[in-house]
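Undergrad:
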Amino acid sequence: MGERTMEKKPIVFSAIQPSGTMTLGNYLGAIKNWVSMQDEYFCFYALADLHTITVRQDPKEFRKNILDLYALLLACGVDPEKSVFFIQSHVSAHSQLAWLLNCYTQFGELSRMTQFKDKSRKHADNINAGLFTYPVLMAADILLYQADKVPVGADQLQHLEITRDIATRFNGLYGNVFKIPEGFVPKNGARVMSLQTPENKMSKSDENVNGCVYVLDKPETIMKKFKRAITDNDAQVRFDPENKPGITNLMTIYSAVTGLTSEQIESDFSGRGYGDFKTAVGEAVVENLRPIQNEYERIIKDRAFMEETWTKAADFAAKFSQRTLDKAMKKIGYIL
Ligand code: TRP
34 MGERTMEKKP IVFSAIQPSG TMTLGNYLGA IKNWVSMQDE YFCFYALADL HTITVRQDPK
94 EFRKNILDLY ALLLACGVDP EKSVFFIQSH VSAHSQLAWL LNCYTQFGEL SRMTQFKDKS
154 RKHADNINAG LFTYPVLMAA DILLYQADKV PVGADQLQHL EITRDIATRF NGLYGNVFKI
214 PEGFVPKNGA RVMSLQTPEN KMSKSDENVN GCVYVLDKPE TIMKKFKRAI TDNDAQVRFD
274 PENKPGITNL MTIYSAVTGL TSEQIESDFS GRGYGDFKTA VGEAVVENLR PIQNEYERII
334 KDRAFMEETW TKAADFAAKF SQRTLDKAMK KIGYIL
């Protein structure tokens with residue numbers, strides 16, 4: 034985390050919520066990409082635990098989710114020697130800048146956020162102000178680090194747009210305070226769908242437990258879920274998202290864990306049944322996850338290492354982000 038290496042590399046910021054156990058979709062779609070960006074970019078990666086309480090959390094479960102996800106991301110290859118991997122709530126500048134930016138964000142523009150509308154419908158009994166201003170906290174996360182690039186899921190692109198709007202508005206009033214970040218959906222990230230309803234994204238809220246594979250699922254559970262995956266009747270392993278969403282999804286997963294192209298997979302499995310193919314995908318996933326699961330088991334027991342790692346990262350993030358916060362406050366007129 035030397036200052037020198039930082040200067041040369043563009044800055045990346047991204048975050049993930051500790052809102053449950055990591056799915057295979059999270060891993061292949063987002064986290065693998067986080068890991069691969071660490072050499073080319075100077076990366077700030079956060080557990081967005083402040084965002085998570087916009088939906089009510091059980092304290093015990095919440096704490097466990099934070100610890101588990103921190104250990105699991107380290108196990109996946111997020112490398113604290115290369116990147117600043119911290120816990121959002123450890124760095125108070127996030128809450129502070131979020132308040133300031135709230136006053137530069139319009140009710141009308143937040144009302145248009147589709148995620149807010151979806152979540153209000155889903156949690157009709159708890160439409161709290163935090164849920165409404167969630168994108169402002171996200172803008173604070175990103176702008177504090179003067180991030181150049183922000184890899185996100187497609188569902189977060191609208192939040193990136195509002196981040197840019199807020200930053201542009203603030204800069205328009207006060208001069209150049211924030212870097213205008215560029216959000217993007219990583220091209221090499223696999224879009225993993227439910228194994229049971231392949232029209233929908235793989236998600237922990239899947240009604241059918243067999244639709245979603247977790248990174249920490251036992252090998253036999255993973256095999257069972259793949260063997261039960263929904264396919265179709267024409268018995269051909271062929272990439273065709275429109276007509277064969279189930280098989281196409283399995284091919285996407287297989288391709289992500291083996292590096293094989295669709296053409297190679299099609300030719301390897303031509304004339305063989307779906308049974309063989311599902312077994313091959315399951316086994317490849319099990320082998321891919323095995324070292325991650327082993328690392329996780331080792332790290333989660335080493336609380337001292339985890340604490341040392343997140344403390345160091347939070348110290349660095351706090352120092353780095355304070356510069357931006359101070360600058361914004363001075364511009365507004367605060368006495369520092
Ligand atoms: N809202 C993001 C999600 O749920 C997580 C997140 C919080 C984030 N702050 C961020 C992502 C800043 C990118 C940048 O996926």
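Residues 34 to 369, numbered by our numbering, are exactly what the sequence shown covers, in order.
Note that beta-carbon positions come from the ideal geometry of N, C-alpha and C, so glycine has one too.
Computed from a predicted structure; not experimentally measured.
Within a Cβ cutoff of 8 Å, which residues of the same chain sit near Ile213, ignoring the five residues on either side of it in sequence?
TA: Arg197, Ala200, Thr201, Asn204
Undergrad: Could you have a look at Ala262 and say whether DSSP puts it in helix, strand or coil?
TA: It is coil, neither helix nor strand.
Undergrad: Using only CA atoms, which one of Lys234, Ser47, Leu193 lies nearest to Asp82?
TA: Ser47
Undergrad: If Thr54 and Tyr247 are in contact, beta carbons under 8 Å, what's the gap, nearest whole angstrom?
TA: 5 Å
Undergrad: Let's test the definition: count the other Cβ atoms within 10 Å of the Cβ of Gln189 and tell me whether it reaches 16, buried, or not, exposed.
TA: buried
Undergrad: Can we count Ala350 as close to the ligand TRP, meaning its CB is less than 8 Å from some heavy atom?
TA: The ligand TRP never approaches Ala350 closely enough for any of its heavy atoms to be under 8 Å from the residue's Cβ.
Undergrad: In terms of residues, what are the limits of the beta strand (DSSP E) holding Leu80?
TA: Counting along the chain, the unbroken beta strand (DSSP E) around Leu80 starts and ends at 75-80.
Undergrad: Kindly indicate which three-state DSSP category Met171 falls into: helix, strand or coil?
TA: helix
Undergrad: By Cβ distance below 6 Å, which residues in the same chain neighbour Lys260 in space, the five residues on each side in sequence not counted?
TA: Closer than 6 Å at Cβ, skipping near neighbours: Lys311.
Undergrad: From Ile291 to Ala223, what distance separates their C-alpha atoms?
TA: For clarity, residue 291 is Thr in the given sequence; the question names Ile instead. Near 12 Å, if we compare the C-alpha coordinates of Ala223 and Thr291.
Undergrad: Whole-angstrom Cβ separation of Ala346 and Val117, contact assumed at under 8 Å?
TA: 5 Å
Undergrad: Do Ala126 and Leu358 count as a contact pair if the criterion is CB distance below 9 Å?
TA: yes
Undergrad: Comparing alpha-carbon positions, which option in Lys360, Ala317, Ile325 lies nearest Leu107?
TA: Ile325
Undergrad: So, is Phe140 buried or exposed, given that buried needs 16 or more other C-beta atoms within 10 angstroms?
TA: An exposed status is given to Phe140, since fewer than 16 other beta-carbon atoms sit within 10 Å of its beta-carbon.
Undergrad: Find out if the Cβ-Cβ distance for the pair Leu143, Val183 is shorter than 9 Å.
TA: Annotated as distal: Leu143 and Val183, with beta-carbon spacing of 9 Å or more.
Undergrad: Give the DSSP-derived three-state secondary structure of Thr342 in the structure shown.
TA: helix
Undergrad: Take the Cβ of Leu80 as the centre, count every other Cβ of all protein chains shown within 10 Å, and call the residue buried at 16 or more, exposed below.
TA: buried
Undergrad: DSSP three-state call for Lys352: helix, strand or coil?
TA: helix
Undergrad: On the DSSP bridge list, what partners appear for Ile30?
TA: Residue 30 is absent from the structure shown; the chain starts at 34 and stops at 369.
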